[in-house]
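In terms of the UniProt record's numbering, the first sequence opens at residue 1 and continues consecutively. For reference, the structure discussed in these notes is given below.
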Amino acid sequence: MSAHLLENLNPEQRAAVTLPHESALILAGAGSGKTRVLTTRIVWLIQTGQVSPHGVLAVTFTNKAAKEMMTRISAMLPINTRGMWVGTFHGLANRLLRTHYREAGLPQSFQILDSQDQLSAIKRLMKAMNVDTEKYEPKKVQRFINSNKEAGHRARDAEAYDEYSMRLAELYEAYDAQCQREGVADFPELLLRAYELLYRNEPLRQHYQDRFRHILIDEFQDTNTLQYRWLKLFAGPHTALFAVGDDDQSIYAFRGANTANMAEFEREFAHGNVIKLEQNYRSHGHILTAANTLISQNAHRLGKNLWTAEGDGEPIRVFNAYSDQEEASFVVDEVRALNREGMNLSDMALLYRSNAQSRVLEHALFSASVPYRVYGGLRFFERQEVKHALAYLRLLTNPEDDGAFLRVVNFPTRGIGARTLEQLTDGAARAGMSLWQAACTGGGKVAGFAKLIEDIKQVTADLPLAEAIDHVIEASGLADYYRADKEGADRLENLNELVNAAALFSQETEENTYDATGEPAPGETESVRALDTFLAHAALEAGEHQAGAGHDALQLMTVHAAKGLEFHAVFITGLEESLFPHEQSANEESGLEEERRLMYVAITRARRRLYLSHAQSRMLHGQTRYSLPSRFLDELPEQVLLNLNRRSEPAYPSGGYHAPAPAPRSPQTGNDTGYKVGQSVAHAKFGTGIIIDFEGRGADARVQVKFRDVGTKWLALAYAKLSAA
DNA sequence: ACAAGTGTCCTTTTT
DNA sequence: GGACACTTGT
Numbered sequence: 001m002s003a004h005l006l007e008n009l010n011p012e013q014r015a016a017v018t019l020p021h022e023s024a025l026i027l028a029g030a031g032s033g034k035t036r037v038l039t040t041r042i043v044w045l046i047q048t049g050q051v052s053p054h055g056v057l058a059v060t061f062t063n064k065a066a067k068e069m070m071t072r073i074s075a076m077l078p079i080n081t082r083g084m085w086v087g088t089f090h091g092l093a094n095r096l097l098r099t100h101y102r103e104a105g106l107p108q109s110f111q112i113l114d115s116q117d118q119l120s121a122i123k124r125l126m127k128a129m130n131v132d133t134e135k136y137e138p139k140k141v142q143r144f145i146n147s148n149k150e151a152g153h154r155a156r157d158a159e160a161y162d163e164y165s166m167r168l169a170e171l172y173e174a175y176d177a178q179c180q181r182e183g184v185a186d187f188p189e190l191l192l193r194a195y196e197l198l199y200r201n202e203p204l205r206q207h208y209q210d211r212f213r214h215i216l217i218d219e220f221q222d223t224n225t226l227q228y229r230w231l232k233l234f235a236g237p238h239t240a241l242f243a244v245g246d247d248d249q250s251i252y253a254f255r256g257a258n259t260a261n262m263a264e265f266e267r268e269f270a271h272g273n274v275i276k277l278e279q280n281y282r283s284h285g286h287i288l289t290a291a292n293t294l295i296s297q298n299a300h301r302l303g304k305n306l307w308t309a310e311g312d313g314e315p316i317r318v319f320n321a322y323s324d325q326e327e328a329s330f331v332v333d334e335v336r337a338l339n340r341e342g343m344n345l346s347d348m349a350l351l352y353r354s355n356a357q358s359r360v361l362e363h364a365l366f367s368a369s370v371p372y373r374v375y376g377g378l379r380f381f382e383r384q385e386v387k388h389a390l391a392y393l394r395l396l397t398n399p400e401d402d403g404a405f406l407r408v409v410n411f412p413t414r415g416i417g418a419r420t421l422e423q424l425t426d427g428a429a430r431a432g433m434s435l436w437q438a439a440c441t442g443g444g445k446v447a448g449f450a451k452l453i454e455d456i457k458q459v460t461a462d463l464p465l466a467e468a469i470d471h472v473i474e475a476s477g478l479a480d481y482y483r484a485d486k487e488g489a490d491r492l493e494n495l496n497e498l499v500n501a502a503a504l505f506s507q508e509t510e511e512n513t514y515d516a517t518g519e520p521a522p523g524e525t526e527s528v529r530a531l532d533t534f535l536a537h538a539a540l541e542a543g544e545h546q547a548g549a550g551h552d553a554l555q556l557m558t559v560h561a562a563k564g565l566e567f568h569a570v571f572i573t574g575l576e577e578s579l580f581p582h583e584q585s586a587n588e589e590s591g592l593e594e595e596r597r598l599m600y601v602a603i604t605r606a607r608r609r610l611y612l613s614h615a616q617s618r619m620l621h622g623q624t625r626y627s628l629p630s631r632f633l634d635e636l637p638e639q640v641l642l643n644l645n646r647r648s649e650p651a652y653p654s655g656g657y658h659a660p661a662p663a664p665r666s667p668q669t670g671n672d673t674g675y676k677v678g679q680s681v682a683h684a685k686f687g688t689g690i691i692i693d694f695e696g697r698g699a700d701a702r703v704q705v706k707f708r709d710v711g712t713k714w715l716a717l718a719y720a721k722l723s724a725a
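If you want it as structure tokens, here you go:
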């Protein structure tokens, strides 16, 4: 049985899967079979009787990865995997807190705030405290709170050395008090609460440490400080930690991921028990060479070099476009050509650094009737109409939730305006009540709202989840509101979808094969528990980015979103200085290294064919910007590149992939110098740059040049020795 | 009380 | 270009 399991694994993979009961670090390069190793190890451990499903804790970062892992395990292991804890950090923390809510100091029906909810809670607090939001931007306050929580610091432990940060710490403290009062927890709070729960409660800690014999962590390079400490707390003296990660693919430092965790883990747990998976099963040789060469220019690495048994494959195609539009039409032409040759659109991906870049590409694809799918943007449970419905539901199960109250008290409009709410808020604060309580004791329109919620509560008390939600949508007036709205059809549709989602959710949790969000607690009111579990699910798993019409479509996404995916053909677009690497990251060494890792991730998504393109001019934020090619292009080995611009005609000005591009539309066209805006030039002293502006004629002519290394300068053409580059 | 108009700021993102 | 906050007008 287990011999069969280990077939088709290479020696390193097999060694990793069959490691003895010891902690180990698996450095798994891109495309090296990381997930396979992780899941096979779990199955192997169970099959060989070394652990029962009950003793396994497997942690991932995304719900998608957790589901994928569970699916693969169930496919290999025909036994009940219910006792296994597989989920995201937040999902598992939630599970722990729901089970031990009393010990954790939370109400049973505590609600989870997503980032949006958290931000509005902070704004509300700051308003109540009369804090100047110019001086203390709510977003910055949010970042302060979250980064402190993620470092394991409560307000009292927060580093505060000056007036400004001391004020931030005060806000943090007040914010936590508000959350406690309202019975809500934000994302980092889930982790910190769960951490503190186990840290302070010795018997509980003992219990879980004894239980989990094996802890396996996916994407370990993405863990933050708190998550690492969390894992250490779960690990008892008899627990083996199996951490899988790739420091070269760490692209989330900006949100707190701490790559140093890998080195630390090696020191604290693995003790030299490190296995490198370096054979890549995804990409052809030239693509890997490019990736290896690029990433070798990062100074801080654990060190790893991917290789493949495949041949070199095709060269990497580089295209220099005159404008973002030309870049887009180039991409469209290539995509169609590949599609004609038989490659599915869904096997091709268009990658970009930031979401704003997708529009030009979308426009070109749309005009050419190429089906495409964009990842990113609003997700199902984040849509305003869905959040409104959820707020009503939250109010039913947890009336202390002022955030939910304020969200829906006047939506649909009930004639309850700012003035009324101000009075209500003041009254509630003076009496030390929640808004809900204050509304119940008062009169007028606000009391009418309270009555409405009370009625809904009565009717839905014994209804199944989906029917309860359906009633809420009707009785609250949400449905009528969107029916009356000319543009409300989609929103109405989504509310319908919410009812369906709830029905599906009830069905799935009943079957209970996989339950990442809540432990069924015996003896509690059925429908209330179901509602709480569903609301937690909605917050923790915000749903798909877009309703997936499962047809063959080209895939558009940011490089971040592409991590973990692979495609036959990949287009990396917008390879320009200030865009990729992004200008806000390029200044710092660590920022630049992260951008380089991002580029590394992008390159290693490709199996057979890779296109790199950049545009000399680009519409961004309503302005045309001129940029130099990304330094990452220079960091690739020339022998694996194929410059498409040099196929038939000179590279400049249009690149001439197809029709020559129109002349630049600049008020200075038609000058007499032989230079134009957008052109790349070289200067003996300042290096290479690009002309971004122009003034004067003849002997007085001056050009403004944006140099890669020395910034932007005005140069008199009569004196500066410029040459075309 | 609320709709319509004006001004500001723009990474990346999962939970 | 577009989301979001804030101000003005009815």
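Cβ atoms here follow ideal geometry from the backbone N, Cα and C, with glycine treated the same way.
Within the same chain, 63 come within 7 Å of residue 541 by CB-CB distance, once the 5 residues on both sides are set aside. Per DSSP, reduced to three states, the secondary structure at residue 386 is helical. Residue 411 and residue 435 do not touch by the CB rule: their CB atoms are close to 15 Å apart, not below 8 Å. Rounded to whole angstroms, residue 488 and residue 413 show a C-alpha spacing of 16 Å. Inter-residue distance for residue 151 and residue 106 is about 21 Å (C-alpha atoms, whole angstroms). The count of Cβ pairs closer than 8 Å, one atom from the segment 22-32 and one from the segment 244-261, reaches three, so the stretches are in contact. Leaving aside the five residues that flank residue 460 on each side, the residues in its chain whose CB is nearer than 6 Å to its CB run, in chain order, 468 and 471. Put simply, of 328, 19, 288 and 385 the residue whose alpha carbon is nearest the alpha carbon of residue 574 is 328. Annotation for residue 357: 574 place their beta carbon closer than 6 Å to its own, counting only its chain and skipping 5 residues before and after. Nearest C-alpha to residue 60 among 202, 142, 167 and 216: 216. Cβ-Cβ separation between residue 614 and residue 576: approximately 5 Å, consistent with a contact (criterion under 8 Å).
Bounds of any beta strand (DSSP E) do not take in residue 69; it lies within the alpha helix (DSSP H) bounded by 63-76.
The segment 578-598 and the segment 630-645 touch, with three or more beta-carbon pairs separated by less than 8 Å. Counting only runs of 4 or more residues that sit fully inside the segment 442-477, the alpha helix (DSSP H) segments are 444-460 and 465-475, in chain order. When the Cα atoms are used, residue 218 and residue 681 turn out to be separated by approximately 47 Å. When rounded, the separation of the alpha-carbon atoms in residue 229 and residue 266 is 14 Å. Between residue 89 and residue 191, the C-beta gap is smaller than 9 Å, which places the two residues in contact. Residue 19 sits in coil when the DSSP states are folded into three classes, being neither helix nor strand. Nearest neighbour of residue 111 by Cα position, chosen from 396, 200 and 377, turns out to be 396. Exposure of residue 493 is indicated by the presence of fewer than 16 other C-beta atoms within 10 angstroms of its C-beta. For residue 226, the enclosing alpha helix (DSSP H) begins and ends at 225-234. Between residue 559 and residue 586, the CB-CB gap reaches or exceeds 9 Å.
Contact between the segment 302-320 and the segment 274-286 is established, with three or more Cβ pairs separated by less than 8 Å.
Around the beta carbon of residue 431, a 10 Å sphere encloses fewer than 16 other beta carbons of the protein chains shown; the residue is thus reported as exposed. C-alpha of residue 299 to C-alpha of residue 607: approximately 27 Å in a straight line.
Here residue 87 is buried, its C-beta having at least 16 other C-beta atoms within 10 Å.
In the three-state reduction of the DSSP assignment, residue 180 falls in the helix class. The segment 37-46 makes contact with the segment 7-23, as at least three CB pairs between them are under 8 Å. Judged by DSSP in its simplified three-state form, residue 131 adopts coil rather than helix or strand. For residue 353, no beta strand (DSSP E) run applies, since DSSP gives it neither H nor E. Judged by DSSP in its simplified three-state form, residue 723 adopts strand. Per DSSP, residue 147 is not a residue of any beta strand (DSSP E); the alpha helix (DSSP H) it occupies stretches across 138-150.
Secondary structure note for residue 99: its alpha helix (DSSP H) is the uninterrupted segment 89-99. The continuous stretches of beta strand (DSSP E) do not include residue 403, which lies in the alpha helix (DSSP H) extending over residues 402-408. When secondary structure is reduced to three states using DSSP, residue 53 falls in the helix class.
Excluding residues up to 5 positions away in sequence, nothing lies with its Cβ nearer than 6 Å to the Cβ of residue 422 in the same chain.
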